[in-house]
Amino acid sequence: MIKTPSFPAKPFLLLFILVGCIHFSYAQHKKIRVLVVTGGHGFKHKPFYDVFNAIPSITYDTLVQPQANALIASAEVNQYDVLVFYDLADSISLAQQQAYIDLLKKGASMIFLHHALVSYQNWPEFVKIVGGQYHTQPVVVNGDTLKANYDHDVNIPVKVEDKNHPVTKGIRDFEVVDEVYSDVEILPGVKPLLSTTHPKSMRYLAWVNHYGNSEVICIQLGHGPSCYTNPNFRRLIQQAIEWSAKQPAK
Numbered sequence: 001m002i003k004t005p006s007f008p009a010k011p012f013l014l015l016f017i018l019v020g021c022i023h024f025s026y027a028q029h030k031k032i033r034v035l036v037v038t039g040g041h042g043f044k045h046k047p048f049y050d051v052f053n054a055i056p057s058i059t060y061d062t063l064v065q066p067q068a069n070a071l072i073a074s075a076e077v078n079q080y081d082v083l084v085f086y087d088l089a090d091s092i093s094l095a096q097q098q099a100y101i102d103l104l105k106k107g108a109s110m111i112f113l114h115h116a117l118v119s120y121q122n123w124p125e126f127v128k129i130v131g132g133q134y135h136t137q138p139v140v141v142n143g144d145t146l147k148a149n150y151d152h153d154v155n156i157p158v159k160v161e162d163k164n165h166p167v168t169k170g171i172r173d174f175e176v177v178d179e180v181y182s183d184v185e186i187l188p189g190v191k192p193l194l195s196t197t198h199p200k201s202m203r204y205l206a207w208v209n210h211y212g213n214s215e216v217i218c219i220q221l222g223h224g225p226s227c228y229t230n231p232n233f234r235r236l237i238q239q240a241i242e243w244s245a246k247q248p249a250k
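63 is the number that the UniProt record's numbering gives to position 63 of the sequence shown; each next residue is one higher, with no gaps.
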């Protein structure tokens, strides 16, 4: 009879635990690190953050303006893979402006949501970064006077412009109750992702804009819980973060 050698159980148990801890630590490290920037506009906190809580591929921190811009202008920003802006900010120093530009030259990942389109009315470069802007005062763009406005609780028909783009892949045309913006400046070079035919809304609801060495994502949707809980919106945010995090500097 051949005897199987016996080994002490405790060392193997310790090895098993150690390997498990290493695997868990590695999995945590591989998650996308997101900074969610808010401030300057009220919102329903729990349902909004539940959008991010439902994304298994990320960990996230939150920071309110103006503290967020101070961090963005420091080396601390390098700990994050993606910056998601849900702020409505107007105060930004020249050094902080340059920090945004420098980050985008390096291929930083930035996503601007909803009322972030209204930020930095007196910073001309901002519209070039985002690819569009809600102007609070009438402006003349290509000979047309744009007087931006908004309307709440609108049933918006949303069309997916590019069904093959990683941000919108798997999302079909849908409807969502949300706030619309009208007469928003959108630069001609953006890559449209979502659009609508609603007469009170701007045409494009999401796009990608190339700036520096970055592909900046803008999503106009996202005013309140009726949008936060929409499964298409949630999938859009998740895929936007995941795609943005993978973009190499060009």
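Beta carbons are placed, not taken as given, at the ideal position from N, Cα and C, and that holds for glycine.
For S91, there is no enclosing alpha helix (DSSP H), since its DSSP letter is neither H nor E. For A206, the enclosing beta strand (DSSP E) covers residues 204-211. In terms of Cβ geometry, L71 and I111 do not form a close pair [threshold 9 Å]. By the C-beta criterion, the stretch 220-238 is judged not to be in contact with the stretch 89-101, since fewer than 3 inter-stretch pairs fall below 8 Å.
A direct Cα-Cα distance of roughly 7 Å separates Y120 from F126. Note that the C-beta distance between S244 and D153 is not below 9 Å. Pairing V176 with Y150 gives a Cβ-Cβ distance that is not under 9 Å. In the same chain as S195, and ignoring 5 residues on each side of it, the C-beta atoms closer than 8 Å to its own belong to V158, K159, E161, R203, Y204, L205, in chain order. V167 sits in coil when the DSSP states are folded into three classes, being neither helix nor strand. Here Y120 carries a coil assignment [DSSP, helix/strand/coil]. In this structure, the alpha-carbon of P192 lies about 27 Å from that of Y60. Rounded to whole angstroms, D102 and T145 show a C-alpha spacing of 32 Å. Counting along the chain, K46 sits inside the alpha helix (DSSP H) bounded by residues 45-53. For a cut-off of 8 Å, the C-beta gap from H115 to H41 is around 5 Å, short enough to register as a contact.
A straight line joining the alpha-carbon of D183 with that of S201 spans about 8 Å. Residue pairing of F112 in beta bridges, as defined by DSSP: F85, C218. Listed in chain order, the non-local C-beta contacts of V64 below 7 Å within the same chain comprise T38, G39, local neighbours out to five positions each way being set aside.
In the DSSP assignment, N149 falls outside any alpha helix (DSSP H) and lies within the beta strand (DSSP E) extending over 149-160. When the five nearest sequence neighbours on each side are left out, no beta carbon in the same chain lies closer than 6 Å to the beta carbon of K163.
A distance below 7 Å between beta-carbons, with the five flanking residues on each side excluded, links R33 to the following residues of its chain, in chain order: T59, Q79, Y80, D81. Under DSSP, G132 forms a beta bridge with I186. Going by C-alpha positions, P66 is about 22 Å away from I217. When K246, I129, V140 are compared, the shortest CA-CA separation from V190 is found for I129. Residue environment: T168 is assigned as buried (16 or more neighbouring CB atoms within 10 Å of its CB, all protein chains considered). For K246, the uninterrupted alpha helix (DSSP H) segment begins and ends at 231-246. Contact between I156 and H198 holds, with the beta-carbon distance rounding to 5 Å and staying under 8 Å. In terms of Cα proximity to Q247, the closest of K105, T229, A54 is K105.
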